[in-house]
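Residue numbering for the sequence shown is 52 to 131, as defined by our numbering.
Quick notes on the structure that follows.
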Amino acid sequence: MSAVPDDVLPEDPLDWLFARLQQVVWADDPRDQVAANLLLFTIALLSNFVTLGATLVFTVIFGVFGLVGIVRLLWQLIQG
52 MSAVPDDVLP EDPLDWLFAR LQQVVWADDP RDQVAANLLL FTIALLSNFV TLGATLVFTV
112 IFGVFGLVGI VRLLWQLIQG
């Protein structure tokens, strides 16, 4: 018996993964984009310290996408 309820598990893991990656690059709500990138940026940053720079590329990528999300969020707030 699984500890996770059946309605939480995705039916197609590839579709679920693709949807999460879309949130990182361009989510419908900028807050979702910022949250997804902040989580991945933090993980990549911590991993960067452990692996001595091997994941620095991921840290930069998620940082840039996070900044794009912040700019989108600010633009949305300014527009109303």
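No residue lacks a Cβ here, since even glycine has one placed at the ideal position from N, Cα and C.
For clarity, every value in this text was computed on a predicted model and none was experimentally measured.
Whole-angstrom distance between residue j and residue i, CA atom to CA atom
i    : j    : result
N99  : L125 : 29 angstroms
Q74  : A87  : 7 angstroms
G117 : V85  : 5 angstroms
V122 : T102 : 30 angstroms
Q127 : T106 : 32 angstroms
V55  : G104 : Its pLDDT being 49, under 50, V55 is placed unreliably in this model, and the value from its coordinates should be taken loosely. When rounded, the distance between both Cα atoms is 35 angstroms.
Beta-carbon proximity list for residue i, same chain, < 7 angstroms, skipping 5 on both sides
i   : result
W67 : P61
L89 : G117
Spatial neighbours of residue i in its chain, beta-carbon cut-off 6 angstroms, leaving aside the 5 residues before and after
i   : result
D83 : Q74
Residue closest to residue i, alpha-carbon to alpha-carbon, out of the options
i   : options        : result
A95 : W77, V111, P81 : V111
Distance between beta carbons of residue j and residue i, contact taken as under 8 angstroms
i   : j    : result
L97 : F113 : Not quite, the Cβ-Cβ distance comes to about 12 angstroms (not below 8 angstroms), so this is no contact.
Own chain, CB closer than 8 angstroms to residue i, minus 5 neighbours either side, in chain order
i   : result
R71 : A87
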